[in-house]
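Under our numbering, the first residue of the sequence shown is numbered 10, with each subsequent residue one higher.
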Amino acid sequence: MVGPQYDLVGNPLGAVRATFERTAAAAAAESGGADPVAAFRGKDWGAGDLFRSFLFEQDGLAKVPVLDASNLGLIKPNTLVRYRGMVQDMLGNEYYIGAFKDGSTWRTNKYTDFSPFSMPHPCDSHLWERHLFHCVPAPGQNSWTLESSPGPDVRRMSNCLAPELREKRKRDGDDDAMDVSENGHKESSFCKKPKEGDVHVSSSSTEVAGTVPEMNGGDHHIPGSSFSCLVKIYDMPESQVKLNDVIEFIGVYTFDPELAAPSDNPDDIMLDLMEDVTVQLPPSKVPRLHCLVWGKLSSHDFISRPVVEPSPSLLKGIRQSLLSHLTLVLGNDELAAQCLLLHLLSRLRSRVDVVTVGRLSLNFTGFNKESASIFGNQLYSLIQKLVPYSQAIPLSIDYLNSATLQPRKDNKSGRLVTGVLQLPQGTHLTFDETLLQTGSLTCKGVENTMLLKNLMESQKVDYDFEYYKLEMTADVQLLTLSEGKSNILPSDLVVPFRPSSVPTVNAGAEETESWRWYLATVRSLPQSTEPETYQMIQDEMVSAMRDDRSLGCSELSRWLTMAQIMALSFGEKSLSLEHWHMVKELERLRKQRMQ
Numbered sequence: 010m011v012g013p014q015y016d017l018v019g020n021p022l023g024a025v026r027a028t029f030e031r032t033a034a035a036a037a038a039e040s041g042g043a044d045p046v047a048a049f050r051g052k053d054w055g056a057g058d059l060f061r062s063f064l065f066e067q068d069g070l071a072k073v074p075v076l077d078a079s080n081l082g083l084i085k086p087n088t089l090v091r092y093r094g095m096v097q098d099m100l101g102n103e104y105y106i107g108a109f110k111d112g113s114t115w116r117t118n119k120y121t122d123f124s125p126f127s128m129p130h131p132c133d134s135h136l137w138e139r140h141l142f143h144c145v146p147a148p149g150q151n152s153w154t155l156e157s158s159p160g161p162d163v164r165r166m167s168n169c170l171a172p173e174l175r176e177k178r179k180r181d182g183d184d185d186a187m188d189v190s191e192n193g194h195k196e197s198s199f200c201k202k203p204k205e206g207d208v209h210v211s212s213s214s215t216e217v218a219g220t221v222p223e224m225n226g227g228d229h230h231i232p233g234s235s236f237s238c239l240v241k242i243y244d245m246p247e248s249q250v251k252l253n254d255v256i257e258f259i260g261v262y263t264f265d266p267e268l269a270a271p272s273d274n275p276d277d278i279m280l281d282l283m284e285d286v287t288v289q290l291p292p293s294k295v296p297r298l299h300c301l302v303w304g305k306l307s308s309h310d311f312i313s314r315p316v317v318e319p320s321p322s323l324l325k326g327i328r329q330s331l332l333s334h335l336t337l338v339l340g341n342d343e344l345a346a347q348c349l350l351l352h353l354l355s356r357l358r359s360r361v362d363v364v365t366v367g368r369l370s371l372n373f374t375g376f377n378k379e380s381a382s383i384f385g386n387q388l389y390s391l392i393q394k395l396v397p398y399s400q401a402i403p404l405s406i407d408y409l410n411s412a413t414l415q416p417r418k419d420n421k422s423g424r425l426v427t428g429v430l431q432l433p434q435g436t437h438l439t440f441d442e443t444l445l446q447t448g449s450l451t452c453k454g455v456e457n458t459m460l461l462k463n464l465m466e467s468q469k470v471d472y473d474f475e476y477y478k479l480e481m482t483a484d485v486q487l488l489t490l491s492e493g494k495s496n497i498l499p500s501d502l503v504v505p506f507r508p509s510s511v512p513t514v515n516a517g518a519e520e521t522e523s524w525r526w527y528l529a530t531v532r533s534l535p536q537s538t539e540p541e542t543y544q545m546i547q548d549e550m551v552s553a554m555r556d557d558r559s560l561g562c563s564e565l566s567r568w569l570t571m572a573q574i575m576a577l578s579f580g581e582k583s584l585s586l587e588h589w590h591m592v593k594e595l596e597r598l599r600k601q602r603m604q
């Protein structure tokens, strides 16, 4: 283990090198002169375990600052940070000199962009590999999720404070910080530490603004976000990270304008190995994060409610509370509220050939511009407070003709250019079709319409790779507000909206938190149907088709999906006839309205 002289937050690289050199020396003694680090390729020598123990067993996670656009200029390079983002582009693999022999000592360049040591040339070395990912804040991420993972105040963390701000505090006379040595090794200017002394930083936004460099802007356009990060992951098997995954990364942060300048050393092997695609993401504008620990995020990771057993009795109580609130927001339309609840609990469970199991898109008809501005805004405002990711899309002719919905590959830069439909799993989209007026669709408008229809029907989005299209699976909840039944977005469930009052309701913070937990919990519950129950439901389906020849397989399949979600909404993992009959009653009331 690494001794207490190593600050794992302020000096993570010191701990990485110490564990490596200690392990390499032990391996050399055991091997009797053979190459001691050959076995370290693609493996962790103990540094990862050290940081996992610190973060999750010693409550170190609360000490790690969260990297975002507001504190980019405040955090010192080569310190430990947390970053949450969506994988917007997968940039392949990058080779680097992972280990080399300096005299009789083996050293490592792992978790760095450039070697902090003077590398002898020639020298014994090992070429290792890391995976590159361009990450951005998740599109449509709602503000309440950002409060779920607060970090410490960077301004009070002397070991993570940028050198310019440390010097400012020193000039102001606040000299109470301690610095941590990096095992006595001399580092290059890229990793140079400030002199001893801590400084006081004013919370004034005008003082801080002067220290924050321009990032992701200028002539280096980063599509879809004003803040992005190039994440480098080590020792990871292929396919563990997928496009559009939302992940929390914890690792070593680097961000230095000097790194944008070409190297003056023609023998710099590390520079020669850098991937050409990263030229589009210069380190002077896009920070790097060398990942030590990472994990995919689910809805539960954004919820601060204590973990409790989701018993049916507890879920029933929260269900009734949420349903009552939905009814009020929808102007006391109980039928619409019941259908909306099922819609919010739906998710893509599986795919059987071209059939998507579990989806339930919803179309509320009877809206016009006036009612959409009242009920539509109230409804979307509530959805924003309930789900982690949501967007409202004004579906007009101008929008369809001009919006870039489809992600596309720019083969000149090697980059994936984002589109509106590049979304994290579980995103909720609300389409306002009341803005649609008579007009002509251009070729782009027709293409956008087909993209939306394909997303609605198959939960897939075509990505344009110039010479071919690549279908990417999605799991997106789709709600359409329209005057009549939407022809552009053919939803699974069409419900005429019949409000009887104007909503003037606000929910408390504790109630809202419990609804978030309820939605996330129910959506994650497994579901099943007992064979006997399934047979009885099947018999009722046959009888229903005999009585009503207009019923098709798709409608009966939707009934079954709604019944399964209905059972889950009460915390029941197994479908019963009671839930099936509840859905049949909803269908009777819905069809009565449509006459």
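Even glycine gets a Cβ: it sits at the ideal position worked out from N, Cα and C. Quick caveat: nothing in here was measured; it's all calculated off a predicted structure.
Using the Cβ count rule (16 or more neighbours within 10 Å means buried), how would you classify residue 102? exposed
So is residue 130 buried or exposed if we call it buried at 16+ other beta carbons inside 10 Å? exposed
Going by the CB atoms, is the gap between residue 349 and residue 371 shorter than 8 Å? yes
Every unbroken beta strand (DSSP E) within the segment 412–475, with a cutoff of 3 residues, ordered by chain: 417–419, 424–426, 437–441 and 469–473
So, at 7 Å on beta carbons, what are the nonlocal neighbours of residue 514 in its own chain, with the 5 sequence-adjacent residues on each side left out? 334, 337 and 338, listed in sequence order.
Could you please give me the residues that DSSP links to residue 482 through a beta bridge? 469
Residue 130 (DSSP reduced to helix, strand or coil): coil
Residue 85 (DSSP reduced to helix, strand or coil): coil
How about the segment 424–435 and the segment 376–392: do they share at least three Cβ pairs that are nearer than 8 Å? no
Does the segment 294–311 come within contact of the segment 356–368, defined as at least 3 CB pairs closer than 8 Å? no
With a threshold of 8 Å, are at least 3 pairs of Cβ atoms found where one atom belongs to the segment 77–94 and the other to the segment 254–262? yes
Is it buried or exposed for residue 294, if we count other Cβ within 10 angstroms and need 16 for buried? buried
Assigned secondary structure, residue 19 (DSSP; H/G/I helix, E/B strand, else coil): coil
Which residue marks the beginning of the alpha helix (DSSP H) containing residue 261, and which one marks its end? Segment 255–263 is the beta strand (DSSP E) holding residue 261; no alpha helix (DSSP H) there.
Suppose contacts are defined by Cβ-Cβ distances below 8 Å. Is residue 391 in contact with residue 531 by that definition? No.
So, does the segment 454–461 touch the segment 403–419, judging by three or more C-beta pairs under 8 Å? With the cut-off at 8 Å, the segment 454–461 and the segment 403–419 touch.
C-alpha distance - residue 475 paired with residue 462, whole-angstrom precision: 21 Å
Helix, strand or coil for residue 111 per DSSP? strand
Does the separation of the CB atoms of residue 361 and residue 299 fall below 8 Å? no
Since residue 376 and residue 492 are thought to touch, with beta carbons under 8 Å apart, how far apart are those beta carbons, to the nearest angstrom? 6 Å
Using a Cβ distance threshold of 8 Å, determine whether the segment 585–594 contacts the segment 560–575, with at least three qualifying pairs required. Yes, they touch.
Locate the beta strand (DSSP E) running through residue 504, then write down its first and last residues. First-last of the beta strand (DSSP E) with residue 504: 502–505.
Identify every residue that forms a DSSP beta bridge with residue 543. Note: residue 543 sits in no beta bridge, so no partner.
The alpha helix (DSSP H) with residue 509 in it runs from where to where? No alpha helix (DSSP H) holds residue 509; DSSP gives it neither H nor E.
In whole angstroms, what is the alpha-carbon distance linking residue 322 and residue 329? 11 Å
Is the separation between the beta-carbon of residue 331 and that of residue 352 shorter than 8 Å? no
Residues in its own chain within less than 7 Å of residue 240 by CB, not counting five upstream and five downstream? Correct list, in chain order: 142, 144, 258, 298 and 300.
Relative to the alpha-carbon of residue 140, which residue among 109, 245 and 54 has its alpha-carbon at the smallest distance? 245
Applying the 10 Å Cβ sphere with the 16-neighbour rule, what's the burial state of residue 354? Label assigned to residue 354: buried.
Could you check how far apart the C-beta atoms of residue 290 and residue 99 are, in whole angstroms? I think they sit under 8 Å. Contact doesn't hold; Cβ gap of about 13 Å is too wide.
Are residue 502 and residue 438 close, meaning C-beta to C-beta below 8 Å? no
Are the CB atoms of residue 314 and residue 522 nearer to each other than 8 Å? yes
Indicate whether residue 18 and residue 72 have their beta-carbon atoms separated by less than 8 Å. Using a Cβ distance threshold of 8 Å, residue 18 and residue 72 count as a contacting pair.
Should residue 16 go down as buried or exposed, given a rule of 16 or more other Cβ atoms within 10 Å for buried? buried
Under DSSP, the beta strand (DSSP E) around residue 366 begins and ends at which residues? 364–366
DSSP state of residue 290, grouped into three classes? coil
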